[in-house]
Amino acid sequence: MIREIRDNILYFDGCNTVELAQKYGTPLYVYSETDLRGRFAELRQGFIEKYPRTRVAYAAKAFFPLAMAKLVKEENMCVDVVSGGELYTAIKAGLPAEQIEFNGNNKSRTELEMAVEYGIGRIIVDGLDELSIIEEVCKEKGKTAKVLLRVTPGVKSSSHDYIVTGKKDSKFGIPLDDEVILPQVKAAIDSSVIDFYGIHFHVGSQLFDNDSHLQALDIILKLADKIRENFQYELKEINLGGGFGVTYVAEERKSFSYFIDPMMERIEAYYQEKGVERPNVVIEPGRSIAAEAGITLYTIGTQKDIKGIRKYVSVDGGMTDNIRPALYQAEYTGVIANKADAPKEQVVTVCGKCCESGDILIDNLSIALPERGDVLAVFSTGAYGYTMASNYNKNLIPGVVFVREGKDRLVVKPQTFEDLLRNEME
Ligand code: LLP
1390 MIREIRDNIL
1400 YFDGCNTVEL
1410 AQKYGTPLYV
1420 YSETDLRGRF
1430 AELRQGFIEK
1440 YPRTRVAYAA
1450 KAFFPLAMAK
1460 LVKEENMCVD
1470 VVSGGELYTA
1480 IKAGLPAEQI
1490 EFNGNNKSRT
1500 ELEMAVEYGI
1510 GRIIVDGLDE
1520 LSIIEEVCKE
1530 KGKTAKVLLR
1540 VTPGVKSSSH
1550 DYIVTGKKDS
1560 KFGIPLDDEV
1570 ILPQVKAAID
1580 SSVIDFYGIH
1590 FHVGSQLFDN
1600 DSHLQALDII
1610 LKLADKIREN
1620 FQYELKEINL
1630 GGGFGVTYVA
1640 EERKSFSYFI
1650 DPMMERIEAY
1660 YQEKGVERPN
1670 VVIEPGRSIA
1680 AEAGITLYTI
1690 GTQKDIKGIR
1700 KYVSVDGGMT
1710 DNIRPALYQA
1720 EYTGVIANKA
1730 DAPKEQVVTV
1740 CGKCCESGDI
1750 LIDNLSIALP
1760 ERGDVLAVFS
1770 TGAYGYTMAS
1780 NYNKNLIPGV
1790 VFVREGKDRL
1800 VVKPQTFEDL
1810 LRNEME
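Numbers given in my numbering equal positions in the sequence shown, counted from 1, plus 1389.
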């Protein structure tokens, strides 16, 4: 068990969380290396080794300090980056360029130059003018680029509106209208410097139903038909994106195989029927790798009991280290780490310390009697917490600690006040 209680104290991957809070200060992001590596192991077993010519490109946006990039490298996974910064981190961590794939709806010329210069594994083209920029850059540098086209499958998946990406009205992907997509495909096939690999889609994030992935896949296989008919060309690769949901509060996550197996069956059946070799298949999970591997530790401060309304319990972080409740009404749960076994006799609202009324981390949390100085552990904060952190109110971005079987190591130092002023000039 990654999370366990010993003597009324919460342990995470064998480490006493109260001691971690004392040692490193709070707020603090704590990640279980066992859990992170375990997710990759699940995917190795249930996807990479089960189906030949498949890859996992971990979506860096979920969580990607250098230490995570190194872990991805050690696990021999690929990585999906969406900015020059993520690309730079991957390269600095020593990830082979071939294992890096670059997504994004508005890559700058400089970012594309970096990608071509490093010779990364795939550039996933999203904008209508992107192909021609890549061609230009390749010609200038005497290089070639391996390219996929990201399409908007036009399916609606059920998740928060801000994290649904596959519907027709989306800033992501190339619309599937024949007169839009087919000329792009033709240009990619015809180019002397572009090696056209295939098609990419991503339907959305935090999904619990495999239906939208399957609908999107059917649409992509129809596109494969059209590409064959029009250009006598077989796709070499299909990228199914990420989006697999995780457990925050109530709904239990589904296994990877719940999403992957039906898609693989459909792809294999389709290619068997056509009598051609199945293309490579790639997935891009982010949240489903990092979310549950991370918890955040806070120290409880002031409390405000508004009679008949609610009791606010404040912590020393908030929307600056976890914007998700404020941005997506995301729900979390947690426990007082130093009273982990005590009866949950209070229902409280956990709020942060930012100057925003919306800075509420958890509404209606049942916990043991909270007191100033207690350590609150919030669960499943590993994805899109640290990566979306900000310095609002000049609050400091917390450090990150990796724990593994009772051992801890600091992988990101907590910010200092000097860090805040580093780039500021008088
Ligand atoms: N691939 C592409 C092209 C994506 O756009 C995304 C996520 C992923 C993969 C990874 O999706 P995942 O497996 O993590 O669901 N900040 C939001 C999530 C934004 C997701 C954006 N794209 C949140 O905190 O919920």
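Heads up, the beta-carbon is just placed ideally off N, CA and C, and yes, glycines get one too. Please read these numbers as outputs of a predicted model, since none were measured by experiment.
Let me confirm a value: residue i is counted as buried when at least 16 other C-beta atoms fall within 10 Å, else exposed. Which label applies?
{"i": "Ile1394", "result": "exposed"}
{"i": "Asp1748", "result": "buried"}
{"i": "Ala1772", "result": "buried"}
{"i": "Phe1806", "result": "exposed"}
{"i": "Cys1744", "result": "exposed"}
{"i": "Pro1732", "result": "exposed"}
{"i": "Val1702", "result": "buried"}
{"i": "Met1466", "result": "buried"}
{"i": "Gly1706", "result": "buried"}
Report the option in the options whose CA atom is closest to the CA atom of residue i.
{"i": "Phe1436", "options": "Ser1581, Lys1615, Ile1649", "result": "Ile1649"}
{"i": "Thr1406", "options": "Met1777, Val1767, Lys1802, Asn1812", "result": "Val1767"}
{"i": "Leu1686", "options": "Cys1404, Leu1399, Gln1411, Pro1416", "result": "Pro1416"}
{"i": "Cys1804", "options": "Asn1727, Val1671, Thr1709", "result": "Inspection of the sequence shows that residue 1804 is occupied by Gln rather than by Cys. The option with the nearest alpha carbon to Gln1804 is Thr1709."}
{"i": "Ala1430", "options": "Val1461, Ala1451, Pro1454", "result": "Val1461"}
{"i": "Val1574", "options": "Glu1519, Ala1449, Asp1600, Glu1815", "result": "Glu1519"}
{"i": "Phe1590", "options": "Asp1584, Ser1559, Asp1567", "result": "Ser1559"}
{"i": "Leu1425", "options": "Cys1404, Tyr1447, Ser1497", "result": "Tyr1447"}
Alpha carbon to alpha carbon, how far is residue j from residue i? Give it in angstroms, no decimals.
{"i": "Glu1623", "j": "Gly1675", "result": "29 Å"}
{"i": "Val1704", "j": "Gln1692", "result": "9 Å"}
{"i": "Tyr1660", "j": "Met1652", "result": "12 Å"}
{"i": "Leu1538", "j": "Ala1613", "result": "12 Å"}
{"i": "Gly1631", "j": "Gln1595", "result": "9 Å"}
{"i": "Ile1844", "j": "Lys1728", "result": "Since the first residue of the chain shown is 1390 and the last is 1815, residue 1844 is not available in this structure."}
{"i": "Ile1522", "j": "Lys1412", "result": "50 Å"}
{"i": "Tyr1647", "j": "Val1582", "result": "38 Å"}
{"i": "Lys1696", "j": "Val1736", "result": "13 Å"}
{"i": "Ile1509", "j": "Val1526", "result": "14 Å"}
{"i": "Asn1628", "j": "Pro1759", "result": "47 Å"}
{"i": "Tyr1579", "j": "Leu1571", "result": "It is worth fixing the name first, because residue 1579 is Asp in this sequence and not Tyr. The straight-line gap from Cα to Cα measures roughly 12 Å."}
{"i": "Ala1534", "j": "Asp1402", "result": "42 Å"}
{"i": "Gln1488", "j": "Glu1720", "result": "34 Å"}
{"i": "Leu1606", "j": "Val1592", "result": "10 Å"}
List the DSSP bridge partners of residue i.
{"i": "Gln1621", "result": "DSSP, once it has assigned bridges, lists no residue as partnering Gln1621."}
{"i": "Thr1738", "result": "Tyr1701"}
{"i": "Glu1490", "result": "Asp1469, Arg1511"}
{"i": "Ile1563", "result": "Val1540"}
{"i": "His1589", "result": "Arg1539, Asn1628"}
{"i": "Leu1596", "result": "Phe1633"}
{"i": "Thr1443", "result": "Val1670"}
Are the region 1422–1442 and the region 1657–1672 touching by the rule of at least three beta carbon pairs closer than 8 Å? When C-beta atoms of the region 1422–1442 are compared with those of the region 1657–1672, three or more pairs fall below 8 Å, so the two segments count as touching.
Would you call the region 1413–1432 and the region 1788–1797 in contact, with 3 or more CB pairs under 8 Å? yes
Hey, is the region 1492–1500 in contact with the region 1466–1479, meaning 3+ C-beta pairs nearer than 8 Å? yes
The region 1446–1462 / the region 1713–1728 touching (three or more Cβ pairs under 8 Å): no
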